[in-house]
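Chains as they are written, first to last, in full-length UniProt numbering: chain S, 1 to 209; chain U, 1 to 209. By construction, the Cβ of each residue, glycine as well, lies at the ideal position given by its N, Cα and C atoms. One structure is given here, and the rest of the page talks about it.
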């Protein structure tokens, strides 16, 4: 009986730890189940929606036109209600925003690995998904509805942004997607158009994890 | 007494979970302590050495010269014995390697966030470090000492690589670093030359975590 009590306590602790660590390390608990890899559009939208950061890549005229990747946070909407378009909160004190104002060509790269759903699979293994959205990085007009959407999307998923220094002149940017490269299983990149991606039918909400 | 026993069990479980999750989510347990942010060279080497993947960015001639980021695994040497130069195991079935064979200009972007040492800090917050190494992505000669070093470095940190399909013609690549952009605290990018980076004096081994 005593052994059973200790075992129960251990099990309870495991569950507590599992939920706690998922929450603390990855920023939130998964609430939408991962689509089947064959459902490329839904999978891509899940990957973007569940991620909170990635590498935003621009052309650096200061470095001979080299591709310059930079770690940034992003949001495509409210949690589990993303629209698929990544929005960013950037300052021209950072090279990425100033590069984009000179040359809009850019891409945004996300890995499934930090979400925590790849297990022990290597981040370069094709079954640990990765997506690169290529297009134009555009600054948003200060007073548009889209700017308001971007602000709500970003400040909800990244609450500390609203307190970032006003004198750094942060502005909202969006990636106007023109091409999608996604690998989420064996067999090479999944054929996926921008239209299919933007109009994907998402899975319903599922239980926590 | 009984309460104390349950509490002890709970504490033990917490410790077990903490070590287990650090190990399973991030691939390994940190064994070198994080240098002070002011020690830019040592910090940069720590960040590269403790990371296992990042975004490798090349120029895509197929997409009008757009910067194309791609998630890849890498290694700069044996665990905690890295030399600072990132090596990759890439196939030209993937755009990144074929882009690099046409145009070597590239960068490699790493975030501290997935290491797990940023806590609840946002990935774009300057105190959650990020580094971009810019330079030339070069394929290694098949039989050189450097190829042997790259193979050992990669296959040790990424054991599944040695079983990846032979008919995919994976080759070893290195990033010949020409510029380093690192933010690891407030105040903008840290001034850091490639020479300072490559000859950084690293911290001694510390206890687990």
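Buried or exposed (CB count within 10 angstroms, at least 16 for buried), residue i
i	result
residue 99 (chain S)	buried
residue 96 (chain U)	buried
residue 190 (chain S)	buried
residue 134 (chain U)	buried
residue 125 (chain S)	buried
residue 184 (chain S)	buried
residue 188 (chain U)	exposed
residue 165 (chain S)	exposed
residue 200 (chain U)	buried
residue 186 (chain U)	exposed
residue 73 (chain U)	buried
residue 84 (chain S)	buried
residue 144 (chain U)	exposed
residue 122 (chain S)	buried
residue 94 (chain S)	buried
residue 148 (chain S)	exposed
residue 112 (chain U)	buried
Interface residues of chain U facing residue i [CB-CB closer than 8 Å]
i	result
residue 113 (chain S)	53, 71 and 114
residue 202 (chain S)	None at all; the shortest Cβ gap to chain U is about 23 Å.
residue 163 (chain S)	Ordered by position in chain U, no residue passes the 8 Å Cβ test against residue 163 (chain S), which lies about 11 Å from the chain.
Contacting residues, own chain, Cβ-Cβ under 6 Å from residue i (five flanking each side not counted)
i	result
residue 18 (chain S)	With a pLDDT of 42 at residue 18 (chain S), under the threshold of 50, the modelled position of this residue cannot be trusted; read the value that follows with caution. Same-chain partners within the cutoff: there are none.
residue 105 (chain U)	59
residue 70 (chain U)	56 and 96
residue 132 (chain U)	107, 109 and 181
residue 156 (chain U)	78
residue 66 (chain U)	60
residue 54 (chain U)	108, 109 and 110
residue 103 (chain S)	59
residue 120 (chain U)	none
residue 128 (chain S)	112, 113, 118 and 121
residue 40 (chain S)	190 and 192
residue 62 (chain U)	none
Per-residue contacts from residue i into chain S (C-beta, under 8 Å)
i	result
residue 49 (chain U)	Chain S residues near residue 49 (chain U): none, gap ~16 Å exceeds 8 Å.
residue 64 (chain U)	105
residue 76 (chain U)	Under the 8 Å cutoff, chain S gives no residues; its nearest Cβ is about 15 Å from residue 76 (chain U).
Beta bridge counterpart(s) of residue i as assigned by DSSP
i	result
residue 172 (chain U)	U:89
residue 136 (chain S)	S:105 and S:176
residue 68 (chain U)	U:58
residue 181 (chain U)	U:132
residue 194 (chain S)	None, per the DSSP bridge assignment.
residue 73 (chain U)	U:53
residue 220 (chain U)	No answer is possible for residue 220 (chain U): the residues shown for chain U start at 1 and end at 209.
residue 111 (chain S)	S:130
Top-ranked residue by Cα proximity to residue i, from the options
i	options	result
residue 92 (chain U)	U:186, U:173, U:191 and U:148	U:173
residue 158 (chain U)	U:192, U:48, U:62 and U:79	U:79
residue 130 (chain U)	U:33, U:37 and U:32	U:37
residue 178 (chain S)	U:39, U:54, U:40 and U:68	U:68
residue 152 (chain U)	U:81, U:64 and U:32	U:81
residue 49 (chain U)	U:76, U:63 and U:119	U:76
residue 33 (chain S)	S:117, S:167 and S:101	S:117
residue 169 (chain S)	S:62, S:198 and S:90	S:90
residue 137 (chain U)	U:63, U:62 and U:176	U:176
Per-residue contacts from residue i into chain C (C-beta, under 8 Å)
i	result
residue 173 (chain S)	Of the protein chains in the structure, S and U, none is chain C.
Under 7 Å by beta carbon: chain U residues contacting residue i
i	result
residue 170 (chain S)	Within 7 Å Cβ-Cβ: nothing; residue 170 (chain S) doesn't reach chain U, min ~10 Å.
residue 125 (chain S)	160
residue 38 (chain S)	Near residue 38 (chain S) there are no residues of chain U at all, since even the closest Cβ is about 20 Å away, more than 7 Å.
Beta-carbon contacts of residue i that lie in its chain and below 7 Å, excluding the five residues immediately before and after
i	result
residue 35 (chain S)	42, 43, 46 and 203
residue 195 (chain S)	none
residue 150 (chain U)	87, 140, 172 and 174
residue 161 (chain S)	89, 154 and 155
residue 142 (chain S)	none
residue 198 (chain S)	84
Per-residue contacts from residue i into chain S (C-beta, under 9 Å)
i	result
residue 68 (chain U)	57, 67, 107, 109, 132, 134 and 181
residue 93 (chain U)	188
Near the ligand COA: residue i beta-carbon under 7 Å from a heavy atom
i	result
residue 95 (chain U)	The ligand COA is absent from the structure shown, which contains no ligand whatsoever.
Residues of its chain near residue i, where Cβ-Cβ distance is below 8 Å and the 5 sequence neighbours each way are ignored
i	result
residue 163 (chain U)	none
residue 101 (chain S)	92 and 139
Proximal residues of chain U, C-beta to C-beta of residue i below 9 Å
i	result
residue 195 (chain S)	Going along chain U, no residue has its Cβ under 9 Å from residue 195 (chain S), so there is no contact; the nearest lies around 18 Å.
residue 167 (chain S)	None at all; the shortest Cβ gap to chain U is about 13 Å.
Neighbouring residues, chain S, relative to residue i (Cβ below 7 Å)
i	result
residue 80 (chain U)	Ordered by position in chain S, no residue passes the 7 Å Cβ test against residue 80 (chain U), which lies about 19 Å from the chain.
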